[in-house]
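Participant: The structure under discussion is supplied below as structure tokens; questions concerning it will follow.
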Amino acid sequence: MKIATWNINGIKARIDTLLTWLKDASPDIACLQEIKCVDEAFPSELFEELGYNVAVHGQKGFNGVALLSKLPFDEATPRLAGDDEDEQARYLEAVVSVPSGVVRIANLYLPNGNPADGPKYDYKLAWMDRLKARAAELLTYEEPMVMAGDYNVIPMPDDVYNPAAWVDDALFKPETRARFRSLLNLGLTDAFRACHDEAHQYTFWDYQAGAWQKNRGLRIDHLLLSPQAADLLRSCEIDTAPRGWEKPSDHVPIWIELSV
DNA sequence: ATGTCGATACTTTATCGA
């Protein structure tokens, strides 16, 4: 089973690119972030024509996440627990049945948090605390579980082209990295790092300043696995090709293969 | 040093968020 995550930076601007990629890569499940549209505006029919079931948690103009799955959803639940006042559409959790049992998918778009420090950074850190609480709860289920998405976290210095330039950024500040580390220390596995030890492997390149051409990127899109999912992990790859296409997202897809 | 893109609105250019 192939599970991909991709921040597409706007479904309206990226629909042709996304359909092209889906036909070629054919993931069983795709976690999409930054759809930037309300539920009713999401073009579900175009994905259904490709054999996908669709779950959407949208928002006007910003944020928004969606799940595409070739398997039907047993459950699909929006919102991250822990703050009923939080109106930002950043989390969508689902369960699908597979031959070996079930797989739970959490699709997340973690807040950027810049500028740091400030209210946006406080929101990011609080959101990470809520995510950790949800992860701890899900780990008690002892089932294959994948938390996939745009974490807006650079885990380690070799996950960025120039770490010195990023020390005060919300994506790399010590408090951010510490919270990501504490998430891993619950017992989650960073799928990419379980499969690859090469430095400077990126999932995002800024639109500005020729970042793509100069390979000045960040590794900020991650798939974190429960122990039961890590047992099933066969491979994890970043698909850098779409960053070089016409009208690209600033992120590229990253995917895992699980033996379910 | 600078460089971009997508969406929105009291729109046709500025603002915000990334």
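Under UniProt numbering, think of the first position of the first sequence as 1, with each following residue one higher. All C-beta atoms, glycine included, are put in the ideal place defined by N, C-alpha and C. All values derive from a computational prediction rather than experimental measurement.
Evaluate contact between the region 33-42 and the region 16-24, counting only Cβ atoms and requiring at least three cross-stretch pairs below 8 Å.
Facilitator: Because the criterion of three Cβ pairs below 8 Å is not met, the region 33-42 and the region 16-24 do not touch.
Participant: Relative to the C-alpha of ILE254, which residue among ILE29, LEU184, THR77 and LYS12 is closest?
Facilitator: Taking only the C-alpha atoms, the option nearest ILE254 is ILE29.
Participant: My understanding is that THR17 touches PRO242, with C-beta atoms under 8 Å, so please give their C-beta distance in whole angstroms.
Facilitator: That belief holds up - the Cβ atoms of THR17 and PRO242 are roughly 7 Å apart, short of 8 Å.
Participant: With DSSP as the reference, label LYS173 as helix, strand or coil.
Facilitator: In the structure shown, LYS173 sits in coil (DSSP, three-state: anything other than H, G, I, E or B).
Participant: Note the first and the last residue of the continuous beta strand (DSSP E) segment covering GLN33.
Facilitator: That run of the beta strand (DSSP E) goes 29-33.
Participant: Rounding to the nearest angstrom, what Cα-Cα distance links LYS247 and ASP84 in this structure?
Facilitator: Their Cα atoms are separated by approximately 36 Å.
Participant: Do you know offhand how far GLU34's Cα is from ASN112's?
Facilitator: Approximately 12 Å between the Cα atoms of the pair.
Participant: Would DSSP call PHE204 helix, strand or coil?
Facilitator: Strand, per DSSP.
Participant: Check whether the region 162-169 and the region 134-148 touch, using three or more Cβ-Cβ pairs below 8 Å as the test.
Facilitator: Too few Cβ pairs lie closer than 8 Å, so no.
Participant: Can LEU224 and LEU171 be called in contact, C-beta distance under 8 Å?
Facilitator: No, the Cβ-Cβ distance between LEU224 and LEU171 is not below 8 Å.
Participant: For GLY244 and ASN215, I'd like the C-alpha separation in whole angstroms.
Facilitator: Taking the straight line from one Cα to the other gives about 11 Å.
Participant: So what does THR20 bridge to, in DSSP terms?
Facilitator: In the DSSP output, where bridge partners are listed per residue, THR20 has none listed.
Participant: Less than 8 Å between C-beta atoms, sequence neighbours within five positions excluded: which residues of the same chain meet that for ARG130?
Facilitator: Answer for ARG130: LEU80, ALA81, GLY82 and ASP83, listed in chain order.
Participant: Taking the alpha helix (DSSP H) that ARG193 falls in, what are its first and last residues?
Facilitator: Run containing ARG193: 191-195, per the alpha helix (DSSP H) assignment.
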